[in-house]
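Okay, structure first, notes after.
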Amino acid sequence: GHRCIAPGCNSGYDSCKEKYHFFTVPKDDIQLREWTKAIPRKDFLIKPRQVVCERHFHEEEILRKRIMTDKDGTILAEAVYKIPKLKEGAIPSIFPNCPKYLSYSLKRRKLPLIRSSSPKKKKTDKKKDPQMDCAFNSKPSIEIAITDSINDSVGIFSFSKLQENVNSIVFPSGWSRHDIPGKLIMFSFFIVKTEETAITENYIPTPILYKRVCLGVNLNVQCFVMNIS
Amino acid sequence: LNCIKDLEDILKKFDTS
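Going line by line, the protein sequences match chains A and B.
Under this note's numbering, think of the first position of the first sequence as 18, with each following residue one higher.
Under this note's numbering, think of the first position of the second sequence as 180, with each following residue one higher.
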C-alpha cells in the first residue's frame, strides 16, 4: 500500500490504524518542484507516484464533494466524490511532526502577484429580491435540480427569470419554441396537409401553423388554434 | 402563471385537446 512521504508521518504504515486519503506527487515539473520545496525532507528525492496523505493539506485545498450552485451561489445539489481531489495548485503545507516554521498557512503561500484585496462582495438581501427563489443556472447537467427548485418555489415568478432559463421549459414533442427577448416566449405546433403530398412526388407542402401558445411579459398565456385566440 | 409547471401543463393540455 501507500505510505506518506511527509517527514514523521505514519499514514499507510502498520503503526497507523486510521485511514487517510493519499494524494499523488504531481508529474508536472513546476508542481513537482513546488511539492519538493514544501515537503521538508533532506536527502530524499521526491518523485511522482509517491504519495502524501490528506493530513498535510489544508482542508480548504481538498475537494471532497461537488457542489452545484446557481448564479447567486445558492446550493442546488451536492455530490460527494468517491476519491477526494486537490484544488489546482494545492501543495502540502502542514507538517505536524516538524518544527512549526516548516508548516505554513494558506495566506502565506500566495504569490505577490496574486495577492490583492479581495473584491468587496455586493451585499445581496435575499429577502428583498423576489426573484431569488426562481434563479438558477441553466447548465443542462443539473436540469433536474433546476426544475425542482422552480416547482418547489412558492415565491414570485417573473417573465425575465423564465426567459433566462427558457431552455429548461419542457414542451410536448412536435412543438417548437420561439423566444423574443424581453417580449414573448412562443410555442408553435405545425401540421402538414397529407392529402396534398400525394399529388406529385416532388411536391413540398408548406406546414400550417395549427396551434400556438404565447406567453407575454405579464405572464399571461394566450392560446391560438389556426390563429384564432 | 405561478410557476414553470403551470406553463408546461397548459402546453400539455393544449397539445392533446
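Glycine residues also receive a C-beta, built at the ideal position from the N, C-alpha and C atoms.
Measuring only the C-alpha atoms, how far is A:S32 from A:G25? 12 Å
Would you check if there are 3 or more beta carbon pairs closer than 8 Å linking the stretch 84-101 of chain A to the stretch 54-67 of chain A? no
From which residue to which residue does the alpha helix (DSSP H) around A:K228 run? Per DSSP, A:K228 belongs to no alpha helix (DSSP H); it is in the beta strand (DSSP E), 225-233.
Quick one: does B:D188 have its CB under 8 Å from some CB of chain A? no
Who are A:M203's beta bridge partners in DSSP? A:H195, A:C231
From the DSSP output, in three-state form, read off A:I245 for me. strand
For A:L226, the nearest candidate out of A:Q180, A:V69, A:K59, A:C240 (CA to CA): Nearest C-alpha to A:L226: A:C240.
I'd like the list of long-range same chain contacts for A:S193, defined as Cβ closer than 6 Å, with 5 residues on each side in sequence excluded. The residues are S205.
So, under 8 Å CB-CB, A:I186 and B:I183 are touching, yes? Tell me the CB distance rounded to an integer number of Å. 6 Å
Measuring only the C-alpha atoms, how far is A:E51 from A:H19? Distance between the alpha carbons of A:E51 and A:H19: 21 Å.
Is the Cβ-Cβ distance between A:F39 and A:G29 less than 8 Å? Contact flag set, yes.
So, for A:K34: in the same chain, excluding its five sequence neighbours on each side, which residues have a beta-carbon less than 6 Å away from its beta-carbon? none
Anticipated Cβ contact below 8 Å, A:S122 with A:A55, distance rounded: 13 Å between Cβ atoms; not a contact.
With DSSP as the reference, label A:A94 as helix, strand or coil. strand
Need the endpoints of the alpha helix (DSSP H) that B:F193 sits in, please. 183-195
On the criterion of 16 or more Cβ atoms from any shown chain inside 10 Å, does A:I208 qualify as buried, or is it exposed? It counts as exposed.
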